[in-house]
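K.L.:
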Amino acid sequence: MIIKINLLFFGQAADITGKASWNFSGITNTLELNEKLIENFPGLQTIKYSIAVNRKIVRENTILNNEDTVAILPPFSGG
Amino acid sequence: MIIKINLLFFGQAADITGKASWNFSGITNTLELNEKLIENFPGLQTIKYSIAVNRKIVRENTILNNEDTVAILPPFSGG
Amino acid sequence: MIDKKKHKVFVDGAIGPAFIADSIAKHSTKKNIGAHSIFLGQVRNDIINEKEVEAIEYTAYSEMAEEIFHEIREAAFTKYSLTCMHIYHSIGRVNAGEISLFVFTSSVHRKDAIQACNEIVERIKNEVPVWGKEIFSGETYQWKTNS
Amino acid sequence: MIDKKKHKVFVDGAIGPAFIADSIAKHSTKKNIGAHSIFLGQVRNDIINEKEVEAIEYTAYSEMAEEIFHEIREAAFTKYSLTCMHIYHSIGRVNAGEISLFVFTSSVHRKDAIQACNEIVERIKNEVPVWGKEIFSGETYQWKTNS
């Protein structure tokens, strides 16, 4: 089965990709996802960002499941 | 010359002495003043207080000059 | 007499002084409160490369932000003896001079309210997925970074 | 753009939420401010020996208090990078649930406002000659002690 994830881009990451959300298939973990992302949007290499899987930030490579929501989060600047 | 000082009582000290202010003569330092005060108002022994000479708290025996203002200050409880 | 009811954190646009006054006034019926600590974040008109910040436009990953606000809230109630806690954060445009963050803690003795308020502000700045876009006069912008 | 002008600290009776809102609103023209820290002291209806505190009646040694407030103010402006500082303290009767102390600091970055506010509150509690008389229902009273 080919898994499908829902990608969300915020802040500067949304500016760089030109998108707020995207569907992505054929990857199995966050490391692969990151490689694909940079392939598609080289501009992402110029910024720092964290990755959240289902609203939790993941620091290490994480297995992705079908219908997971993955968010690309540049450094926060609320308050 | 017999010096004359202006005494001020605040908070519980004013309750005990029944006065907000008093003139006092014939003493030369704060130690003497304190002895006289307790002689006149034994109830003052039941509370803690600081002594301010001309609006500065004095911790040690302090010479008094004519027309000095001396305040009897129970523990503060502002705020 | 602990008020732990959840409320919406995000509000549209600036947080007005009247809203803050109203929040304060509501606490006069809670007569066991001895201390309130309030933090307000105000948008600065920083000059960056000779251009002045006119406003900040806030966006958030709302679903995740609400979860983190909830965590911050629960942790503060566990760690400190609080009577009430309220957090409000602006979404959308907030002009320079206006308020975008309002953190309000109340307790019987002052140390709890003060320490909780400080800790909540630090956590919000570091952990909540909110982004501020600094809008310059003339429609250009840059993404804000927290210090 | 530092506002160091002195104002009267003591106000008659309780400090109302509208007064606080007005103070906050006045700072919207100071667009270099990034953070406000506010402390509010509220009168508690403590139960002491089965009697409830209805109000606190504050008296002060005003001439000395004003000197100490001035010292506290100068020390905070020296130690911290503040844009504004305001201190208000009630004199006279303040009912349980009402506010008797309002400390308000503002700065470019939050640490200065927060630390200054905390320090000012501690100094006021410890160093300013003000006394609170806790008035019980039924006209009896006792002198408050700060913890």
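If you're matching them up, the sequences are chains Y, L, H and X in order.
Following this note's numbering, the numbering of the first sequence begins with 44 at its first residue and continues without gaps.
Following this note's numbering, the numbering of the second sequence begins with 44 at its first residue and continues without gaps.
Following this note's numbering, the numbering of the third sequence begins with 20 at its first residue and continues without gaps.
Following this note's numbering, the numbering of the fourth sequence begins with 20 at its first residue and continues without gaps.
Ideal placement from N, C-alpha and C gives every residue a C-beta, glycine not left out.
Predicted, not measured: the structure shown is a model, and the values here were computed from it.
1) Take the Cβ of L/R102 as the centre, count every other Cβ of all protein chains shown within 10 Å, and call the residue buried at 16 or more, exposed below.
2) Identify each residue in the region 134-150 of chain X for which the Cβ-Cβ distance to at least one residue of chain L is less than 9 Å, and report them in chain order.
3) For X/H105, would you say it is in contact with chain H, using Cβ-to-Cβ distances shorter than 9 Å as the test?
4) Is it buried or exposed, X/A40, if we count other Cβ atoms within 10 angstroms and call 16 or more buried?
5) Give the range of the beta strand (DSSP E) segment to which L/Q18 is assigned.
6) How would you list, in chain order, the residues of chain H whose beta-carbon sits under 8 Å from the beta-carbon of Y/Q55?
7) Counting Cβ pairs closer than 8 Å, one from the region 152-161 of chain H and one from the region 73-92 of chain L, do we hit at least three?
8) Should H/R129 be flagged as near chain X, meaning a C-beta pair shorter than 9 Å?
9) Should X/H55 be flagged as near chain H, meaning a C-beta pair shorter than 9 Å?
10) Answer yes or no: do L/I115 and L/I94 have a C-beta to C-beta separation smaller than 9 Å?
11) Is there a Cβ from chain X that is less than 9 Å from the Cβ of H/L101?
12) Can you name the residues that DSSP bridges to H/D243?
13) Rank H/E93, H/E117, H/C136, H/I143 by C-alpha distance to the C-alpha of H/G32 and give the top, closest one.
14) Among H/R63, H/E90, H/V62, which one has its Cα closest to the Cα of Y/K99?
15) For L/F67, which residues in the same chain have their Cβ closer than 6 Å to its Cβ, ignoring the five residues on either side in sequence?
16) Would H/N248 pass as an interface residue toward chain X - the criterion being a Cβ-Cβ separation below 9 Å?
17) By how many angstroms is the C-alpha of X/E73 removed from the C-alpha of X/H105?
18) Any beta carbon from chain Y within less than 9 Å of H/E158's own beta carbon?
19) If you draw a straight line from the C-alpha of X/T97 to the C-alpha of X/A135, how long is it?
20) For H/M20 and H/I66, what's the separation of their Cα atoms in angstroms?
21) Flag H/G32 as yes if its beta-carbon sits less than 9 Å from any beta-carbon of chain X, otherwise no.
22) Less than 9 Å between CB atoms is the rule here; does H/G35 satisfy it with respect to chain Y?
23) What does L/R98 touch in chain X if you count any residue whose Cβ is under 7 Å from its own?
24) Can you tell me which of the three DSSP states H/H105 falls into?
25) Whole angstroms are fine: how far does the CA of X/Y107 sit from the CA of L/I46?
26) Using a Cβ cut-off of 8 Å, pull out every chain X residue sitting near L/F119, in sequence order please.
27) For L/G86 and chain X, any beta-carbon pair shorter than 9 Å?
28) Would you list the residues sitting across from X/I55 in a DSSP beta bridge?
P.N.:
Reading from the atomic positions:
1) exposed
2) V140, I143, K144, N145, E146, V147, P148, V149, W150
3) no
4) buried
5) Residue 18 of chain L is absent from the structure shown; chain L starts at 44 and stops at 122.
6) W150, W162
7) no
8) yes
9) yes
10) yes
11) no
12) Coverage of chain H is limited to positions 20 through 166, which leaves residue 243 of chain H absent and any answer about it impossible.
13) H/E117
14) H/E90
15) I48, L50
16) Residue numbering for chain H in the displayed model covers 20 to 166; residue 248 of chain H lies beyond these limits and cannot be assessed.
17) 28 Å
18) no
19) 10 Å
20) With a pLDDT of 44 at H/M20, under the threshold of 50, the predicted position of this residue should be treated as unreliable, and no value is reported.
21) no
22) no
23) E82, M83, E86
24) strand
25) 38 Å
26) K144, N145, E146, V147, P148, V149, W150, N165
27) no
28) Looking at the sequence itself, residue 55 of chain X is His, so the reference to Ile does not match. Its beta-bridge partners are H/L59, X/S125.
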